[in-house]
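Just so you know, we're using my numbering here: the sequence shown kicks off at -7 and counts up by one. Glycine included, every Cβ here is placed at the ideal spot set by N, Cα and C.
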Amino acid sequence: MLISNADGGGCSSAWLEPQTVDLVVAGSNPVSHPKLDPPMNVNLFPRPSDKEIEHLYQHARDAYAQLGVDTDRAIEQARAVPISLHCWQADDVVGFEVREGAVDSGGLKATGNYPGRARNGDEMRQDLDQVMALLPGVQRVNLHAFYAETDGKPVNRDALEPRHFQRWMDWAKARGISLDFNPTFFAHPKAADGFTLSHPDTGIRHFWVRHGQACRRIASAMAASQGSPCLINHWIPDGAKDHPADRWGPRARLIQSLDEMLAEKLPGCVDSVESKLFGIGSEDYVVGSFEFYSHYALSRGVVFCLDMGHFHPTETIHDKLSALLQFHKRLLVHVSRPIRWDSDHVVIFNDDVRAVFQELVRGNALDRVTVALDFFDASINRIAAYVIGARATRQAILYALLEPVNGIQDLEKAGRLAQKLARMEGMKQMPWGAVWDMLCLRSGVPPGVAWVSAVESYEREVLAKRR
Ligand code: RNT
Ligand code: ZN
């Protein structure tokens, strides 16, 4: 392309002389890329030997000890934090319900069509077994009501009973894990117009109240079976796409419904309510907003749930924890990863997740929060999605526990703010990965990304055969 400056305006400066400039036109000037592909014989998922892990760990332990951090203690603490694995990554939030005809997915959408989706309870449990074999630390499993197993018979949501989850309870017991639970207030004809517990039609509203009541009895049965509480999280999709003329009525009805639903005292059933800012089809108005549920939970003594994807796209939740936990006894955190919206991407070891656990560790509040995963990506191997997300979450817990909290807080108290910032930045170059690998070794699971080959074998032997 030529740009010519030829107006001949009598200007004599050299730089205004008629000249030609070569501009690079896209595609006309091929850039040669360095060859980035590794030779085929390079293993990108190596398994360091136990000896190597021990060796690197000794160095890391000393480096952290200099800062007053006990890595052995951090490993034990990080392993002990239960992470509740959401079953719905295995099947793209489809459920096993026996239904007549298709239903609206109710504001949740997994995108992608990677082969190997779990289609029934046995496949899902098989997948979760494989996932858990690759995860260090304490795991729980979080079920939704529409994963009931009803032997091929349609059972409506308000008629669900503990026996429809017997196989799940037996499976969990055999593995020594505990279950959490969720009523399913979506993907149902009675949720098709976007309202459930706040519905203006009393019949529909009562149907969903009965569903919630049935689910709470199931949660209580799970608690009895596992000998410890079952957390039941109530999320409803209720809201409006565009400016509702009445924002008040649905909220008043939601209080009424929740009160009816939660009235029965059930041993071992711990309720939580999950807020949201916007959703698919509820862009303008969500009945169960942050303020609504925070206040509801406080006033009724139930747990408040924050999902990391349920806020303004640039808003993060870590700063809310020290505010909410001044008042709430307990919170549930749905660890998720929003990209531009509540997209439920696979959780990774990013700033947002680290900041959540740093806040909890700094405030000595790790045991006042229940950690549950909530993401669903159907575009990649689903087992790997679980392993990446669950490991990233526990890595963030470990990373936070490796911080010299007293040290940096003392620097701050002394007004040595640049030193505090320098130390915080310096933590990023500490050998936390060597501590993580030791955590894996002590838990009997592959370190680093050496778990990938197990997932590849599972894909070949199990997932690829699901057609
Ligand atoms: C939806 C909520 C909710 C669901 C699960 C399936 O926006 O995050 O927690 O993802 O209940
Ligand atoms: Zn959630």
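**OP:** Pull up the distance between the alpha-carbon of residue 329 and that of residue 164, whole angstroms please.
**Re:** 27 Å
Original post:
What separation, rounded to the nearest whole angstrom, lies between the Cα atoms of residue 154 and residue 213?
Top reply: 6 Å
Original post:
At a cut-off of 7 Å, is residue 271 close to the ligand RNT when judged by its beta-carbon and the heavy atoms of the ligand?
Top reply: yes
Original post:
What residue from 143, 340, 263, 159 has the CA that sits closest to residue 205's CA?
Top reply: 263
**OP:** Would you mind stating whether residue 190 and residue 230 have Cβ atoms separated by less than 8 Å?
**Re:** yes
Subject >> Those residues which DSSP pairs with residue 277 across a bridge >> reply: 232
Original post:
Quick one: Cα of residue 197 to Cα of residue 180, how far?
Top reply: 13 Å
Original post:
So which residues touch the region around the ligand ZN, with touch meaning a C-beta under 5 Å from any heavy atom?
Top reply: 299, 326, 366
Original post:
Rounded C-beta distance between residue 317 and residue 128? I'm assuming under 8 Å.
Top reply: With 8 Å as the limit, residue 317 and residue 128 do not qualify as a contact, their Cβ atoms being about 27 Å apart.
Subject >> Extent of the continuous beta strand (DSSP E) run through residue 170 >> reply: 170 to 174
Original post:
Where does residue 17 land, buried or exposed, given buried means 16+ other C-beta within 10 angstroms?
Top reply: Low per-residue confidence applies at residue 17: pLDDT is 49, beneath 50, and the placement is therefore not dependable, though the value from the model is reported in the following sentence. Result: exposed.
**OP:** Kindly indicate which residue of 236, 56, 342, 203 has the alpha-carbon position closest to the one of residue 427.
**Re:** 56
Original post:
By the 10 Å Cβ neighbour count, where 16 or more other Cβ atoms means buried, how is residue 34 classified, buried or exposed?
Top reply: exposed
Original post:
Who are the near neighbours of residue 377 in its chain, counting only those whose CB is closer than 7 Å to its CB and skipping five residues on each side?
Top reply: 81, 338, 369
Subject >> residue 337 beta carbon near the ligand RNT (any heavy atom closer than 7 Å) >> reply: no
**OP:** Could you tell me if residue 232 is buried or exposed, where buried requires 16 or more neighbouring beta carbons within 10 angstroms of its beta carbon?
**Re:** buried
Subject >> Cutoff 6 Å; reference residue 424; Cβ partners in own chain excluding five residues on either side >> reply: 391, 394
Original post:
For residue 436, does the count of other Cβ atoms within 10 angstroms reach 16, so buried, or fall short, so exposed?
Top reply: exposed
Original post:
Can you find a heavy atom of the ligand RNT that lies under 7 Å from the Cβ of residue 172?
Top reply: no
Subject >> Backbone CA spacing between residue 360 and residue 323 [nearest angstrom] >> reply: 7 Å
Original post:
Can you tell which of 238, 302, 253 has the C-alpha that lies nearest to the C-alpha of residue 267?
Top reply: 302
Original post:
Per DSSP, residue 131 is paired with what?
Top reply: 75
**OP:** With DSSP collapsed to three states, give me the class of residue 395.
**Re:** coil
Original post:
CB-CB under 6 Å to residue 218, same chain, minus the five flanking residues each way: which ones, in chain order?
Top reply: 170
**OP:** Might you give, ordered along the chain, the residues of its own chain that have their beta carbon closer than 7 Å to the beta carbon of residue 354, omitting 5 neighbours on each side?
**Re:** 397
Subject >> Cβ neighbours of residue 284 in the same chain (closer than 8 Å, five flanking residues each side left out) >> reply: 243, 246, 267
Subject >> Cα-Cα separation between residue 188 and residue 228, rounded to whole angstroms >> reply: 7 Å
**OP:** Determine contact between the region 119 to 139 and the region 79 to 99, defined as no fewer than three beta-carbon pairs at a distance below 8 Å.
**Re:** yes
Original post:
Does DSSP put residue 452 in a helix, in a strand, or in coil?
Top reply: helix
Subject >> Contacting residues, own chain, Cβ-Cβ under 8 Å from residue 346 (five flanking each side not counted) >> reply: 388, 391, 392
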